[in-house]
Structure formats: C-alpha cells, structure tokens
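I have placed the structure first, in the form of structure tokens, so that the comments after it can refer back to it.
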Ligand code: SF4
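Residue numbers (our numbering): 107 to 376.
Written out as structure tokens, the structure reads:
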C-alpha cells in the first residue's frame with residue numbers, strides 16, 4: 107500500500123552523502139522520493155506545484171454559469187417567442203392609453219406564427235376585425251389571404267398585425283397621436299417575432315415604421331430597413347379592392363418580399 111508522506115518526511119528527504127549510503131541504499135531513497143512526489147501530485151493535485159489562487163483562476167469557467175445553476179435546463183433554454191408574445195398580449199390587451207380604447211369592441215393584437223419569417227403590417231383594424239378581435243379578416247383580409255397563398259405560404263406561417271390595435275371609428279385614418287401612442291406595441295412585436303422581412307401594407311404602416319411622410323409611390327420599389335430588418339412597402343389590400351390596376355404592382359412587390367424571405371435576393375430588386 108502506498109504510504110502518504112508526512113510533513114517530516116518531506117523535510118527529511120535529502121541526497122545521501124557518498125560515504126553514508128551504499129549505491130543500493132541511494133537508489134532506494136531516490137525511489138522513495140519519487141513515490142512521495144507522485145503521491146503528493148495524486149492527492150494534492152496541482153496545488154502542490156501551483157499556488158491555489160493560480161489554479162482557481164485557470165480553472166474558472168470560460169462562460170458564467172446560467173442563473174439557475176449547473177444542470178438547470180430551464181435556465182439555459184430560451185423562452186419561446188410564443189410565450190413572450192402571449193405574455194405581451196396579456197400585458198396590453200386592456201390598454202386605454204388613447205381614446206380608441208374607449209370606442210373599440212375588441213382589442214386586435216395580431217395573429218400567425220410568433221417566429222414568422224415574414225411580418226405583414228397594416229394600419230388599423232376595420233369593422234370585422236373589431237368584432238372578431240383578429241387582424242385582416244374582412245374583405246381586405248380575405249384578399250391578403252389570397253396574396254399570402256399565392257406566395258406559397260399560409261396565414262399560419264406569417265405574422266399579421268396593425269400599427270393600431272383598436273379600430274378608429276368609421277374606419278377613419280389613424281390620428282398621428284394615436285399612432286405615436288400605439289406604435290411602441292408594434293415595435294415590441296417586431297422585437298419578439300424577429301421576422302426576416304417586413305411588408306408594410308399601405309402608407310400609414312410605412313409612415314409609422316419608417317418615420318417618413320413620403321407618398322406611397324416613392325416608398326414602393328425601395329428596400330427600406332427597420333432595426334436591420336428589410337422593409338418592403340406595397341398597397342393595402344383594401345386599395346386593391348377599389349383599383350384593379352394596383353394588383354399587378356402589388357404582385358411584383360410581394361414576389362420581392364418572398365425573395366427576401368428566401369434569402370435569394372440580399373440587396374435591391376432583381
Ligand atoms: S389604439 Fe393602441 S394605444 Fe390606443 S387604446 Fe388601443 S392599444 Fe391602446
């Protein structure tokens with residue numbers, strides 16, 4: 107059995123003088139010293155040859171432990187976007203920060219895939235949206251569904267929302283102060299969903315997101331950017347119901363959206 111050295115042993119170990127030990131005895135002493143050093147390394151580790159503070163510093167983890175401690179899977183796993191979005195909905199669904207909170211029937215948050223690659227942003231809920239609490243479910247919404255399906259996607263694969271979450275009475279245009287009050291909600295939705303591309307449906311959505319008052323004719327055909335996300339502006343589906351002539355340019359715009367989503371056209375328009 108290996109004998110661990112006593113402190114005195116270490117102090118007592120020394121090279122024998124030639125005249126006080128025969129060669130076989132010297133070999134035995136050297137062998138014993140080697141065994142003692144091996145035992146020290148085995149049981150004391152690097153602390154024997156390296157100061158403890160140096161060992162502790164070199165053994166420090168490269169990345170900090172997660173808040174939940176070692177082995178805490180919950181602490182390591184990111185919170186799913188669906189849960190974050192749902193919690194954000196619950197936080198703001200009773201909002202009355204602008205007068206529209208008093209006149210709405212239903213709060214219209216948004217719908218679709220919380221991790222969608224494409225986000226469509228309109229201006230505000232209409233009559234049917236206000237009754238159902240869902241975005242783009244009226245005649246214009248049904249047209250948007252057809253556009254999305256023509257892009258070979260479904261409504262469940264994209265995310266759809268509006269700048270305003272409550273209906274302006276009589277479907278009037280959103281007032282600037284209503285947009286200013288509600289717009290942070292849209293920005294938070296974008297932050298959570300993190301789409302690869304945003305498609306603004308109509309000038310009101312584009313003006314709110316891009317902080318511009320340029321006419322739609324100038325906003326279309328240019329690849330804009332919001333927080334590093336490409337933004338493409340096209341007609342609102344309601345405008346397509348009024349003017350057949352907008353359908354062809356809209357189709358060109360949404361094909362461009364699809365190419366951005368597919369990552370086959372990183373810059374500009376083909
Ligand atoms: S429109 Fe927006 S800011 Fe105004 S009450 Fe509705 S959620 Fe709140």
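Here a beta-carbon is modelled for each residue, glycine too, at the ideal position from N, C-alpha and C.
Taking every protein chain shown into account, the CB of residue 202 has fewer than 16 other CB atoms within 10 angstroms, so this residue is exposed.
Within the model, the alpha-carbon separation for residue 285 versus residue 323 is close to 22 Å. Residue 288 carries a helical assignment under DSSP once its states are collapsed to helix, strand and coil. Counting the other CB atoms within 10 Å of its CB gives residue 204 a total of 16 or more, which places it among the buried residues. Close to the ligand SF4, as judged by a C-beta nearer than 7 Å to any of its heavy atoms, are the residues 198, 201, 202, 203, 204, 206, 207, 210, 213, 270, 271, 272, 284, 287, 288, 291, in chain order.
A straight-line Cα-Cα distance of about 19 Å links residue 340 and residue 232. DSSP places residue 184 outside any alpha helix (DSSP H), giving it a letter other than H or E. By the beta-carbon neighbour count (other beta carbons within 10 angstroms, threshold 16), residue 136 is exposed. DSSP, reduced to helix, strand and coil, places residue 277 within a helical segment of the structure shown. Bridge partners of residue 217 according to DSSP: 266.
Between the segment 248-258 and the segment 341-354, the count of C-beta pairs closer than 8 Å reaches three or more; the two stretches touch. Going by beta carbons, residue 228 and residue 342 fall inside the 8 Å limit.
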